[in-house]
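With the working numbering as the guide, the letters of the sequence shown map in order to residues 3 to 376. The structure appears below as structure tokens.
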Amino acid sequence: MNKAFVFLMGLMVSVAMATAAHAKGADVHADLVRCADVTVPGPLSGCGSDPLAAGDAGINRNGDVEVEVLGATPDMTYDVILRTLDGSASIGLGVVTTDDTGRGEMHRRNVFDLNQAGPVTLALSRNGSAQFVAGFGGEDGLKATLVACGDINEPTILTGCGSDTFRSGSVRIDDGDVMVVFSGMPNVSYRAVLLGLDGASQLPLGSLSTDMRGRGLLQLNGALAGNTIGAGNVLLLGANNSVQFISGFQSLRRRPPEVARYQVGLLRCAAVNQLAPLPNCGADTFTKGLVTIDEGGDVKVEIVGAVPAVQYEVTFVSFDASLETSIGTFQTNPAGNGQFRAHDFFAVGVHGAGNVIIKRDGVDQFVTGFAVVR
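Structure below.
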């Protein structure tokens, strides 16, 4: 995965560097761990049982979201969601589809708009159960910027927040070590806790007090066992246990105007029955498929469960079927799964309307369309 999510490099060097002038926005980068393996600050309920060899996820201050999994369930689609602190509600951010080895990734730009902010509550869900969650215990651990509690507005606005101000702050949990770096109001003390994704279980981490310049550091070496798998959000609590700051992300980038994007599922050519059946269709079957033409002119095709070990051709046909353009070819693997991507196929300024058709031996097999199932 792109390591651009590794941020605040001064965090690992010195407190002085971390208390420099604070750039607006905030980032999160975290290991993805199996929900069922989380033990700190407490086990999670309602978890799935899918396997996972490794994974990581991140949201940067431009509002981009990146997710990658290795060794998950093959040929499976996971919903990427952002949950509330207690998991009671969520919003969808996209999907990750794994290949026949269980590897999958998602890269989405500008998912979050200017000043949208949220906690470290990313999860990958399937069949209504959280399978993997953002946490620590893998290769990279958890790195997050601190965000004022009152600025959190995704998936919901938080209530009962404190009103303390600050200049910068960051959290890192890695290999059993915990570090919280803070720069804000002088001569103030905060209690740091790790709040679990159930919104109830807590692990006290210690206290952080700022000096006359407003700088504070909480560094705990070996606070957790090196093989600990955990998930949650670090909270800084002020007077009367009010939540002042939370580990999370905050976008500083305003989204560009919405660009028309072509993203549609595939159907068997022979299955089309509206407005009329299509002529001269092939007999190939498949489980599912998706075609995307994005704002960069890239064409992407994903297909699962088609004919094994054959070559398919990707074509673009005008809406009135008068013109046809070949985009490229791809080969399915022994499981009948295949992926195709043509970078920059359509030039800047192109506005198109039509259908993508997948052919084999010159015969239409699969077409972009829709299916009504209820």
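For each residue, glycine too, the CB sits at the ideal point set by N, CA and C.
Which residues in the same chain as residue i place their Cβ atom closer than 6 Å to its Cβ, once the five residues preceding and following it in sequence are excluded?
i: Ala23; result: Any reading at Ala23 needs caution, since the residue's pLDDT is 32, under 50, leaving its predicted position unreliable; the model's value is listed next. Result list for Ala23: empty, nothing under 6 Å.
i: Ser185; result: Thr21, Arg169, Ser170, Gly216 and Arg217
i: Thr86; result: Pro157 and Thr158
i: Val319; result: Glu326, Gly356, Asn357 and Ile359
i: Val1; result: Outside the shown range of the chain, which is 3 to 376, sits residue 1, and nothing can be said about it.
i: Ile175; result: Phe138, Gly143 and Leu144
i: Leu44; result: Reading off the sequence shown, one finds Gly at residue 44, where the question assumed Leu. Here the set comprises Gly198 and Ser203.
Under 9 Å between the Cβ atoms of residue i and residue j?
i: Gly299; j: Asn339; result: no
i: Val122; j: Ala32; result: yes
i: Gly60; j: Leu148; result: no
i: Cys49; j: Val40; result: yes
i: Ala136; j: Asp179; result: no
i: Val301; j: Gln333; result: no
i: Leu46; j: Ala233; result: yes
i: Phe134; j: Asp81; result: no
i: Pro310; j: Asn275; result: no
Only counting the same chain, and skipping five residues up and downstream in sequence, which positions put a Cβ closer than 7 Å to that of residue i?
i: Ala25; result: With a pLDDT of 41 at Ala25, under the threshold of 50, the modelled position of that residue is not reliable, and the figure given next carries that caveat. Nothing listed; no residue qualifies.
i: Gly116; result: Note on identity: in this sequence residue 116 is Leu, with Gly being the wrong assignment. Result list for Leu116: Ser253, Leu254, Arg255 and Arg256, in chain order.
i: Asn189; result: Thr212 and Met214
i: Leu222; result: Asp179, Val180, Leu207 and Gly208
i: Thr75; result: Asp52, Pro53, Thr100 and Gly104
i: Asn155; result: Gln118 and Ala119
i: Asp153; result: Ala119 and Gln252
If you compare alpha carbons, which of the options is closest to residue i?
i: Val69; options: Glu326, Asp213, Val97 and Ser90; result: Val97
i: Ser92; options: Val358, Asp166, Thr161 and Gly130; result: Gly130
i: Gly267; options: Ile295, Leu254 and Val245; result: Ile295
i: Gly143; options: Val309, Val312, Gly291 and Val173; result: Val173
i: Gly65; options: Arg255, Ala344, Glu107 and Ala272; result: Arg255
i: Val365; options: Cys271, Thr79 and Lys302; result: Cys271
i: Gly354; options: Met108, Asn229, Tyr264 and Gln221; result: Tyr264
i: Cys283; options: Asp363, Val352, Phe342 and Val236; result: Asp363
i: Thr289; options: Gln204, Ala227 and Met78; result: Met78
i: Thr331; options: Arg343, Phe321 and Gly106; result: Arg343
i: Gly351; options: Ala262, Asn155 and Ile154; result: Ala262
Could you compute how far the alpha carbon of residue i sits from the alpha carbon of residue j?
i: Lys361; j: Thr317; result: 8 Å
i: Phe372; j: Leu269; result: 7 Å
i: Gly89; j: Thr212; result: 32 Å
i: Asp102; j: Ala278; result: 35 Å
i: Ser324; j: Gly356; result: 10 Å
i: Asp245; j: Ala125; result: Strictly speaking, residue 245 in this sequence is Val, with Asp absent from that position. Using only the alpha carbons, I get a separation of about 23 Å.
i: Val182; j: Leu197; result: 15 Å
i: Gly104; j: Ser127; result: 15 Å
i: Pro281; j: Gln118; result: 49 Å
i: Gly139; j: Leu72; result: 15 Å
i: Arg36; j: Leu199; result: 13 Å
i: Ala337; j: Thr161; result: 50 Å
i: Met14; j: Ile329; result: Low confidence applies here, because Met14 scores a pLDDT of 32, under 50, leaving its location unreliable; read the following figure in that light. Distance between the alpha carbons of Met14 and Ile329: 47 Å.
i: Cys151; j: Ala132; result: 25 Å
i: Ala273; j: Ala349; result: 33 Å
i: Ile248; j: Glu297; result: 34 Å
i: Gln204; j: Val236; result: 10 Å
i: Glu315; j: His345; result: 16 Å
i: Val374; j: Phe321; result: 21 Å
i: Asp177; j: Ile83; result: 26 Å
i: Glu107; j: Ile231; result: 22 Å
i: Cys163; j: Val30; result: 21 Å
Looking only at its own chain, which residues have a Cβ that is under 8 Å from the Cβ of residue i, when we skip the five neighbours before and after it?
i: Glu141; result: Asp33, Ala56 and Asp58
i: Ala28; result: Arg63, Ala119, Ala146, Thr147, Leu148, Val149, Gly250, Phe251 and Gln252
i: Gly291; result: Gly267, Leu268, Val303, Glu304, Ile305, Val306, Ala308, Ile360 and Phe368
i: Met187; result: Asp166, Thr167, Phe168, Thr212 and Gly216
i: Ser209; result: Ser191, Tyr192, Arg193, Ala194 and Leu220
i: Asn229; result: Gly139
i: Gln341; result: Asp101, Lys302, Val303, Glu304, Ile305 and Phe332
i: Thr370; result: Val266, Gly267, Leu268, Leu269, Val293, Asn357, Val358 and Ile359
i: Asp286; result: Arg270, Ala308, Val309, Arg362, Gln367 and Phe368
i: Ala227; result: Gly178
Given the structure, does residue i come close to the ligand ATP, in the sense that its CB is under 8 Å from one of the ligand's heavy atoms?
i: Pro45; result: As for the ligand ATP, it is missing from this structure, which has no ligand bound.
When the Cβ atoms of the segment 229-245 are set against those of the segment 179-199, are three or more pairs found closer than 8 Å? yes
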